[in-house]
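Residue numbers (the numbering used here), protein chains in the order written: chain A, 12 to 235; chain B, 9 to 322.
Take a look at the structure set out below.
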Amino acid sequence: MIKNISNLGDAAVYCDFGNEVNKTINSKVIKYFKTIKKNNIEGINNLTPSYNKLIISFDLNKTSFKEVKNYIENIDLEDSQNINSKKLEIPVCCDENFSMDIKRLEEILKLSREKILEKFLNKEYFCYMTGFIAGMPFLGDLDENMQAQRLETPRVKVPKGSVAITEQFANIYTFESPGGWNILGNTPLEVFDSSKEDKPNLINPGDTVIFKEITLDQYKNFNE
Amino acid sequence: MSNNHINIIRSGINTTFQDKGRDHLYHIGIPFSGAMDNRNFLIANKLVNNNLDSAVIEFAYQGPHIKYSGEKINIAITGDVIFSIKKKDAEIEGNCYKSYQIENGDEINIISTNKSVYGYLALGGEFDLKLQWNSCSINTKANIGSNDGKKLETGQKINLIKINANRDIKKTNYINSKIENIRVIKGTNFEYFSEEGKKIFYHKEFTVSKLSDRMGMRLEGPKIDNIVNTNIKSEGLIKGVIQVPPDGNPIIMLSDHGTIGGYPKIGVVASVDYDRLVQMSPGSKIKFKEINLSEAETLFKLYEMETQNLLSQI
Numbered sequence: 012m013i014k015n016i017s018n019l020g021d022a023a024v025y026c027d028f029g030n031e032v033n034k035t036i037n038s039k040v041i042k043y044f045k046t047i048k049k050n051n052i053e054g055i056n057n058l059t060p061s062y063n064k065l066i067i068s069f070d071l072n073k074t075s076f077k078e079v080k081n082y083i084e085n086i087d088l089e090d091s092q093n094i095n096s097k098k099l100e101i102p103v104c105c106d107e108n109f110s111m112d113i114k115r116l117e118e119i120l121k122l123s124r125e126k127i128l129e130k131f132l133n134k135e136y137f138c139y140m141t142g143f144i145a146g147m148p149f150l151g152d153l154d155e156n157m158q159a160q161r162l163e164t165p166r167v168k169v170p171k172g173s174v175a176i177t178e179q180f181a182n183i184y185t186f187e188s189p190g191g192w193n194i195l196g197n198t199p200l201e202v203f204d205s206s207k208e209d210k211p212n213l214i215n216p217g218d219t220v221i222f223k224e225i226t227l228d229q230y231k232n233f234n235e
Numbered sequence: 009m010s011n012n013h014i015n016i017i018r019s020g021i022n023t024t025f026q027d028k029g030r031d032h033l034y035h036i037g038i039p040f041s042g043a044m045d046n047r048n049f050l051i052a053n054k055l056v057n058n059n060l061d062s063a064v065i066e067f068a069y070q071g072p073h074i075k076y077s078g079e080k081i082n083i084a085i086t087g088d089v090i091f092s093i094k095k096k097d098a099e100i101e102g103n104c105y106k107s108y109q110i111e112n113g114d115e116i117n118i119i120s121t122n123k124s125v126y127g128y129l130a131l132g133g134e135f136d137l138k139l140q141w142n143s144c145s146i147n148t149k150a151n152i153g154s155n156d157g158k159k160l161e162t163g164q165k166i167n168l169i170k171i172n173a174n175r176d177i178k179k180t181n182y183i184n185s186k187i188e189n190i191r192v193i194k195g196t197n198f199e200y201f202s203e204e205g206k207k208i209f210y211h212k213e214f215t216v217s218k219l220s221d222r223m224g225m226r227l228e229g230p231k232i233d234n235i236v237n238t239n240i241k242s243e244g245l246i247k248g249v250i251q252v253p254p255d256g257n258p259i260i261m262l263s264d265h266g267t268i269g270g271y272p273k274i275g276v277v278a279s280v281d282y283d284r285l286v287q288m289s290p291g292s293k294i295k296f297k298e299i300n301l302s303e304a305e306t307l308f309k310l311y312e313m314e315t316q317n318l319l320s321q322i
């Protein structure tokens, strides 16, 4: 299932599952990720699953590339039934105050605002990975005619809660950060909460997400 | 509740609490953090009889000016740092790698690091800090860690919940060695670069840019030409990874790095050289030298033995 295992520096193992980005390959990555995480191997201190790679970093004082590689090659993968994934509804307000890039998208995609939202909302997206900034989910896949490049000049500050798209993916900015994705709306939901140490992320790799539109009034009253 | 505390008279440029960092969180987007220069962090704690993973104050360039109130306590500063201690009757020039006993009303003025970036101030005791994921380490970009994930500010007061009973004065003769080359292991996208680009990477000099912080170190110099693709599908990062974005200027991921990135990885800094890498200040010249995995592993073991040896002699 893993095409190639190599070392990334002296303290990480780089598992390459191929170059394509699709749900089948990513599900394999997630299966490895969840199994290794559950096994809680001494010395392994971090796992980073992404679209088609899994990076396993370890404490060089406790283990080595050779040992971790050997463990990966002989791993008993968890049955997929045991991997619990959630289905989540994310409320999103696409009022003009929030949908900062809708005009740009109308031009690039040659679709009206209504069409863009119709194609984006109420569909299931798969969470490939979380990261870059804490808790940010990378969701896919968007319709082929919904795919736009990043902004040429990224924004210095993207507001917290922004729901944005680029290429075949959607994401949510879990806190204010620089960013270059096309912003469609904003969610009042707390997607990352560092005070919940055991479960800071609302959305995790393998979960399914559906965006449901809410009005500006519903948005304003959401956290009351 | 004890009344032992410090007051920050001047915060310095980038003053944070740090410890060993936090792990098992990359998959949700939270980096390791922790003290940038691990060896100097450990020595600082050892000099004041702390547990080796106790919280210390890390500063960069200009450090904080602190006033202490309370019972007698030991302090120590590590790195290459210029500082003074102001007592009731005298002001003394401080030496790194040596503990000092201070008392109510004494002040520590950390003027600056000398041709390096990070320094560490340890107090012989325990700060009253709220931990996140079992670590105080402050990540100012994500606002994670003690002090609401923010830098220490002028005017702040921080309490101590414990003062070590053992107040023996300790010292060590450690000197921060400079190294000529930063040793690297070939990265997973090494073949993306032109023959000329690979030669430049291993043989030319780069300059550490001013745009460097706890997240990353940007380098300037000859451009490294990519002949395959200037982007890859986003994937995980670890500290020490050297990415080359389309402009051809390498960026080295440091302790607060983003956990995912989409630029090709030309190399990874060997763990043995990480502590010394982070101490290279803007304007410093950097040259990379290729080593293989088994050399890197051996060098790290030796470095680690040397660290343990240093600590055991304190």
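The beta-carbon is built from N, C-alpha and C at its ideal position, and this holds for glycine as well.
May I ask you to list the residues that DSSP assigns as paired with residue 188 of chain A?
The partner list for residue 188 of chain A (beta bridge, DSSP) reads A:169.
At a CB-CB cut-off below 8 Å, which residues of chain A make contact with residue 150 of chain B?
Ordered by position in chain A, the residues that pass the 8 Å Cβ test against residue 150 of chain B are 144, 145, 186, 205.
What does the alpha-carbon distance come out to for the pair residue 9 of chain B and residue 289 of chain B?
Its pLDDT being 47, under 50, residue 9 of chain B is placed unreliably in this model, and the coordinates cannot settle the point.
Just to check my reading of the structure: residue 101 of chain B and residue 80 of chain B have Cβ atoms closer than 8 Å, yes? What is that Cβ distance to the nearest angstrom?
That belief does not hold up - the Cβ atoms of residue 101 of chain B and residue 80 of chain B are roughly 21 Å apart, past 8 Å.
Is residue 301 of chain B close to chain A, meaning its C-beta is less than 8 Å from at least one C-beta of that chain?
Taking Cβ atoms only, chain A reaches closer than 8 Å to residue 301 of chain B, which makes this a yes.
Count the C-beta pairs between the stretch 170-180 of chain A and the stretch 64-79 of chain B that are closer than 8 Å, then say yes if the count reaches three, no if not.
The stretch 170-180 of chain A is not in contact with the stretch 64-79 of chain B.
Whose C-beta lies closer than 8 Å to the C-beta of residue 223 of chain A among residues of the same chain, with five residues either side of it excluded?
For residue 223 of chain A, where only same-chain residues beyond five positions count, the Cβ hits under 8 Å are 100, 101, 102, 103, 132, 133.
What is the C-beta distance between residue 25 of chain B and residue 137 of chain B, in whole angstroms, given that I count them as a contact (C-beta under 8 Å)?
The pair is a contact, with the Cβ atoms about 6 Å apart (cut-off 8 Å).
Counting C-beta neighbours from all protein chains within 10 Å, is the total for residue 173 of chain B 16 or more, i.e. buried, or is it exposed?
Looking at its Cβ environment, which holds fewer than 16 other Cβ atoms inside 10 Å, residue 173 of chain B is exposed.
With residue 66 of chain B as the anchor, note down where its beta strand (DSSP E) starts and where it stops.
From DSSP, the beta strand (DSSP E) with residue 66 of chain B extends over 64-68.
Would DSSP call residue 132 of chain B helix, strand or coil?
Coil.
Can you tell me the Cα-Cα spacing of residue 134 of chain B and residue 145 of chain A, whole angstroms?
Their Cα atoms are separated by approximately 29 Å.
Find the nearest neighbour of residue 193 of chain B within the set A:12, A:14, A:19, A:69, judged by alpha-carbon distance.
The residue with the shortest Cα to Cα distance from residue 193 of chain B is A:19.
List, from N- to C-terminal side, the beta strand (DSSP E) runs of 3 residues or more that fit wholly inside the stretch 27-107 of chain B.
You should have 64-68, 73-77, 81-86, 89-94, 99-101.
With a CB to CB cut of under 8 Å and the five nearest residues on each side skipped, what residues in its chain are close to residue 48 of chain A?
These residues qualify, in order along the chain: 58.
Would you mind stating whether residue 52 of chain A and residue 25 of chain A have Cβ atoms separated by less than 8 Å?
Contact flag unset, no.
I'd like the ranges of any beta strand (DSSP E) spanning at least 3 consecutive residues and lying wholly in the stretch 27-108 of chain A.
Whole beta strand (DSSP E) segments, 3+ residues: 55-60, 64-69, 98-104.
Just to confirm, are residue 225 of chain B and residue 265 of chain B a CB contact at a threshold of 8 Å?
No.
If you measure from the beta carbon of residue 243 of chain B to each beta carbon in chain A, is any gap under 8 Å?
Taking Cβ atoms only, chain A reaches closer than 8 Å to residue 243 of chain B, which makes this a yes.
Hey, residue 37 of chain A and residue 139 of chain A: beta-carbon distance below 8 Å or not?
Yes, these two residues count as a Cβ contact at 8 Å.
With a threshold of 8 Å on Cβ separation, who are the neighbours of residue 188 of chain B within its own chain once the five nearest residues in sequence on each side are excluded?
If we look at residue 188 of chain B and ignore the five residues flanking it on each side, its Cβ neighbours are 295.
Can you name the residues of chain A whose CB is closer than 9 Å to the CB of residue 308 of chain B?
Here the neighbours are 21, 22, 71, 72.
Would you verify that the beta carbon of residue 336 of chain B is, or is not, closer than 8 Å to some beta carbon of chain A?
For chain B, the structure presents residues 9 to 322; residue 336 of chain B sits outside this window and is missing.
How many angstroms separate the CA atom of residue 105 of chain B from the CA atom of residue 272 of chain B?
So the alpha carbons of these two residues sit roughly 40 Å apart.
Relative to chain B, which residues along the stretch 159-185 of chain A have a C-beta separation below 7 Å, given in chain order?
Taking 7 Å as the Cβ-Cβ cut-off against chain B, none of the residues of the stretch 159-185 of chain A qualify.
At a cut-off of 7 Å, is residue 166 of chain B close to the ligand ADP when judged by its beta-carbon and the heavy atoms of the ligand?
The ligand ADP is absent from the structure shown, which contains no ligands of any kind.
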